[in-house]
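**Student:** Have a look at this one before I ask anything.
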């Protein structure tokens, strides 16, 4: 049998198991008495071993066998989890990860004999013969013979007594055919009196669908047995019983791109239909519009991924940092379930790594300093995600020393990039920190080293149409806030006009639109500002930014209130054109392009327009 | 061939009623037990084709008896007899190995249906 087509699947699954290995190992290290993590670890390694053996990846199989061997001893309590053992396991799992990647890429190398020997030594400290090992890699269970997992939905006859007990009988009967799992609702729920008699489960079996149906119906009081996906059957009462397939992200990217082009074409069609005043054409256009919108929604939804997938790798990072730096660090995550477009999620990992490194290295003090300052010796880093309007806000917070603004300001002055103000506001602070190369010269250690990575984080986040903010309090800690749009590629935008050109403002950053009125003008630190419901908002005239001459400046002009986090600005334009879904085109910014331009798009009438970067206008 | 039955219930009334229903349908009631302990002993002794088992009985309840019987004979065909409101106990009995259940008050037709299913 040609196994090569399973290589991708092997890789994807192994990666998942390796991630689980890392998190289980961390958990176990924290609490060496725990049984759960070591069991999970054991199972994950065991699965990798089995898959590798099936694929004929002998190096992966041998290494996982070695790890499994050691784990078996630890699990039975024959061996003890010392720091040295944990260190070895971390190393072995890292090596296993590399080995898995190499094998799946078709470049498998011989196993690391030294590591295998080390694992063997740890597993058998008595230095006798190899102890009772778990079964050696047993290759090749033929995949075609493997039992299939069948999704089954059963309805108990409505009038039947004790429908829950009847359901339990059905499950018992199913167990005679194979392994039952994912029972929804859970058995405990089935026992409740208000159980409506509908339940679903998965059955891993070699039996045919016909055999399954016959066996389950024979239980009695069974009204229907369906072997279908709960979603397809419209079963909404079975949360979690969803079936998934793996899709290469490139396919989704391609699909997204095509939907993007479809959106442009749809918008164009809409304009033409309007102009034609042909009712039939307008109706067709409206229908296409609805279909494309719903398709767009589905494609976007299929790309949404919980941020936890990225957060997952940070505990390990923090653990390593904490060892490297000799600091005790408690690391927590919140909002792991918040979803983001896959492509944004992929991009956001690196900026977060920079910010976490910063927090651990420069933000948190040494245990001695902390104790002296009356804080707990263990420093804390929290990474949290939250949905805020059409954006996702991810905060990296530490309870460390905070940023010393005076020193940053002094240093900024010395380097000739001093802001004119005496105090460094949070806004200015992040801009100074994010100046490329600001603190790469690290003569002043500690606080001033904080800029390392902030510029990288800033440019990555800006490239995603996001923003980076900082809040810091001396002695109390620092929070970096990354705010990114939920999705890339297609955004809803407000179209504005200035100097005869159209500019798109992503709706995610539009708080409201008002009319610019001379009577509302005031001054805020030498800048023009508007008073809107007692709030003073600095103005930005788009005409001035683009040095427009065409068109005329009327007294009453529409104004867009931009909002990024808590910061606001009033963008004064010539006219509002309307709202539109725009497709953000990949954009290589020509030299000299002003910073307030964040991208470009093609509008419904086929004309190009620039997309304004709201954060840069504030 | 007639099927043999062991009827287990601590109430004479229930034992009599079940025995009557089954006898009239052509089954041979070979024994009765009034406690879980007795049920286990008689099962070993009589090896009946079918057992009807009350859930709540003195000296080892019905569920415990099911567990004991199935330990020595996993193929044992046991029908639980339960009162209303004992669903959780019935589920427990099923997990212990009982093959079906009927709920009191008994309708002869329901009991016979269940018996047929168990013996099928």
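Chains as they are written, first to last, in the working numbering: chain A, 1 to 618; chain B, 619 to 738.
We put the CB at the ideal spot given by N, CA and C, even for glycine.
#1: Report the three-state DSSP secondary structure of residue 535(A) (helix, strand or coil).
#2: Given a cut-off of 9 Å, decide if residue 198(A) and residue 154(A) are closer than it, judged by their beta-carbon atoms.
#3: Can you find at least 3 beta carbon pairs, one from the region 172-189 of chain A and one from the region 103-122 of chain A, that sit closer than 8 Å?
#4: Assuming residue 705(B) and residue 165(A) form a contact by the criterion Cβ under 8 Å, report the distance between their Cβ atoms to the nearest whole angstrom.
#5: Taking the continuous beta strand (DSSP E) assigned at residue 478(A), which residues delimit it?
#6: Residues of the region 711-729 of chain B with a CB closer than 9 Å to any CB of chain A: list them in chain order, please.
#7: Can you have a look at residue 675(B) and say buried or exposed, based on whether 16 or more other CB atoms are within 10 angstroms of its CB?
#8: Going by C-alpha to C-alpha distance, which of 736(B), 644(B), 621(B) and 650(B) sits closest to residue 629(B)?
#9: For the beta strand (DSSP E) that residue 563(A) lies in, which residues bound it at each end?
#10: Based on Cα-Cα distance, which residue from 96(A), 225(A) and 285(A) lies nearest to residue 627(A)?
#11: If the cut is a Cβ gap below 8 Å, which residues of chain A does residue 733(B) touch?
#12: Answer yes or no: does any C-beta atom of chain B fall closer than 9 Å to that of residue 219(A)?
#13: If we define contact as Cβ-Cβ less than 9 Å, is residue 183(A) a contact residue for chain B?
#14: Which residues, in chain order, does the region 154-170 of chain A contribute to contact with chain B at a C-beta distance below 9 Å?
#15: Using a C-beta cutoff of 9 Å, does residue 191(A) count as contacting chain B?
#16: Would you kindly work out how many angstroms separate the C-alpha atoms of residue 561(A) and residue 537(A), rounded to a whole number?
#17: Could you work out which residue in 347(A), 529(A) and 471(A) is closest to residue 428(A) when comparing CA atoms only?
#18: Buried or exposed: residue 151(A), going by 16 or more other Cβ atoms within 10 Å of its Cβ?
#19: Judging by CA-CA distance, which residue of 31(A), 523(A), 464(A) and 289(A) is the nearest neighbour of residue 80(A)?
#20: Out of 337(A), 539(A), 316(A) and 394(A), point me to the one whose CA is closest to residue 329(A)'s CA.
#21: DSSP state of residue 201(A), grouped into three classes?
#22: Checking contacts by CB at 9 Å: is residue 700(B) closer than that to chain A?
#23: Near residue 19(A), which residues of its chain fall below 8 Å by C-beta distance, leaving aside the five closest residues on each side in sequence?
#24: Determine whether the Cβ of residue 706(B) lies closer than 9 Å to any Cβ atom of chain A.
#25: Starting from residue 699(B), follow its DSSP beta bridges and name the residues at the other end.
#26: Is the Cβ of residue 658(B) closer than 9 Å to any Cβ of chain A?
#27: For residue 379(A), count neighbouring C-beta atoms within 10 Å of its own C-beta (all shown protein chains included) and say buried if the count is 16 or more, exposed if not.
#28: How should residue 192(A) be labelled, buried or exposed, when 16 other C-beta atoms within 10 angstroms of its C-beta is the threshold for buried?
#29: Do residue 182(A) and residue 202(A) come within 9 Å of each other at the CB atom, strictly closer than that value?
#30: Please list the partners that residue 198(A) has in chain B, where partner means a Cβ-to-Cβ separation under 8 Å.
#31: Helix or strand or just coil, what does DSSP make of residue 246(A)?
#32: Taking the continuous beta strand (DSSP E) assigned at residue 704(B), which residues delimit it?
#33: So which residues of chain A does residue 738(B) contact, with C-beta pairs closer than 9 Å?
#34: Taking the alpha helix (DSSP H) that residue 458(A) falls in, what are its first and last residues?
#35: Quick one: is residue 187(A) near chain B, going by C-beta distance under 9 Å?
#36: Suppose only complete runs of 3+ residues qualify. What are the beta strand (DSSP E) ranges in the region 156-224 of chain A, listed by chain order?
**Tutor:** With the given structure in hand:
#1: Here residue 535(A) is taken as the residue at index 535 of the first chain, counted from 1. Looking at residue 535(A) - three-state DSSP - the assignment turns out to be strand.
#2: Numbered from 1 along the first chain, position 154 holds the residue referred to as residue 154(A). Numbered from 1 along the first chain, position 198 holds the residue referred to as residue 198(A). Yes, they are a contact pair.
#3: no
#4: On the second chain, residue 705(B) is found 87 positions in, with the first residue counted as 1. On the first chain, residue 165(A) is found 165 positions in, with the first residue counted as 1. The Cβ separation is near 5 Å, so the contact holds.
#5: Along the first chain, read from residue 1 onward, the residue named residue 478(A) stands at position 478. Unbroken beta strand (DSSP E) run through residue 478(A): 477-485.
#6: 711, 712, 713, 715, 716, 717, 718, 719, 720, 721 and 728
#7: Here residue 675(B) corresponds to residue number 57 of the second chain, with the count starting at 1. Buried, by the Cβ-count rule.
#8: Residue 629(B) sits at position 11 when you count from the first residue of the second chain. Considering only alpha carbons, the answer is 650(B).
#9: Position 563 of the first chain holds residue 563(A). Its beta strand (DSSP E) spans residues 557-564.
#10: Lying outside 1 to 618, the shown extent of chain A, residue 627(A) is not represented and no answer is given.
#11: Residue 733(B) sits at position 115 when you count from the first residue of the second chain. Chain A residues near residue 733(B): none, gap ~11 Å exceeds 8 Å.
#12: Taking the first chain and counting its residues from 1, the one referred to as residue 219(A) is at position 219. It does: the Cβ of residue 219(A) has a partner Cβ on chain B nearer than 9 Å.
#13: Residue numbering aside, residue 183(A) sits at position 183 when the first chain is read from its first letter. Answer no: the Cβ-Cβ gap between residue 183(A) and chain B never drops below 9 Å.
#14: Of all residues in the region 154-170 of chain A, the ones placed with a Cβ closer than 9 Å to any Cβ belonging to chain B are 161, 162, 163, 164, 165, 166, 167, 168 and 169, in chain order.
#15: Here residue 191(A) refers to the residue found at position 191 of the first chain. Among the residues facing chain B, residue 191(A) is included, as its CB has a counterpart in that chain under 9 Å away.
#16: Within the first chain, numbered from 1, the residue matching residue 561(A) stands at position 561. Within the first chain, numbered from 1, the residue matching residue 537(A) stands at position 537. Their backbone Cα atoms lie some 8 Å apart in a straight line.
#17: On the first chain, residue 428(A) is found 428 positions in, with the first residue counted as 1. Residue 471(A) is the option with its Cα nearest to residue 428(A).
#18: Position 151 of the first chain, counted from the first residue, corresponds to residue 151(A). It counts as buried.
#19: As a working mapping, residue 80(A) is identified with position 80 in the first chain. Considering only alpha carbons, the answer is 31(A).
#20: Sequence index remark: in the first chain, residue 329(A) carries index 329 (1-based). Comparing Cα-Cα distances from residue 329(A) to each of 337(A), 539(A), 316(A) and 394(A), the minimum goes to 316(A).
#21: Locating residue 201(A) in the first chain gives position 201, counting from the first residue. Note: residue 201(A) maps to strand in three-state DSSP.
#22: Position 82 of the second chain, counted from the first residue, corresponds to residue 700(B). It does: the Cβ of residue 700(B) has a partner Cβ on chain A nearer than 9 Å.
#23: Locating residue 19(A) in the first chain gives position 19, where the first residue counts as 1. Leaving aside the five residues that flank residue 19(A) on each side, the residues in its chain whose CB is nearer than 8 Å to its CB run, in chain order, 312 and 313.
#24: Your numbering for residue 706(B) matches position 88 in the second chain. So, interface residue.
#25: The residue labelled residue 699(B) in the question sits at position 81 within the second chain. The beta-bridge partner set that DSSP reports for residue 699(B) consists of 672(B) and 720(B).
#26: Position 40 of the second chain, counted from the first residue, corresponds to residue 658(B). It does not: the Cβ of residue 658(B) has no partner Cβ on chain A nearer than 9 Å.
#27: Position 379 of the first chain, counted from the first residue, corresponds to residue 379(A). Looking at its Cβ environment, which holds 16 or more other Cβ atoms inside 10 Å, residue 379(A) is buried.
#28: The residue labelled residue 192(A) in the question sits at position 192 within the first chain. By the 10 Å Cβ count, residue 192(A) comes out exposed.
#29: Numbered from 1 along the first chain, position 202 holds the residue referred to as residue 202(A). Numbered from 1 along the first chain, position 182 holds the residue referred to as residue 182(A). Yes, Cβ-Cβ distance for residue 202(A) and residue 182(A) is below 9 Å.
#30: Looking up residue 198(A) in the first chain gives position 198. Simply none; closest approach about 17 Å.
#31: Sequence index remark: in the first chain, residue 246(A) carries index 246 (1-based). It is coil, neither helix nor strand.
#32: Here residue 704(B) corresponds to residue number 86 of the second chain, with the count starting at 1. Per DSSP, residue 704(B) belongs to no beta strand (DSSP E) and is neither H nor E.
#33: Position 120 of the second chain, counted from the first residue, corresponds to residue 738(B). Chain A residues near residue 738(B): 218.
#34: Position 458 of the first chain holds residue 458(A). Where residue 458(A) is concerned, the enclosing alpha helix (DSSP H) stretches over 454-463.
#35: Counted from its first residue, the first chain places residue 187(A) at position 187. It does; some Cβ of chain B falls within 9 Å.
#36: 178-184 and 198-205
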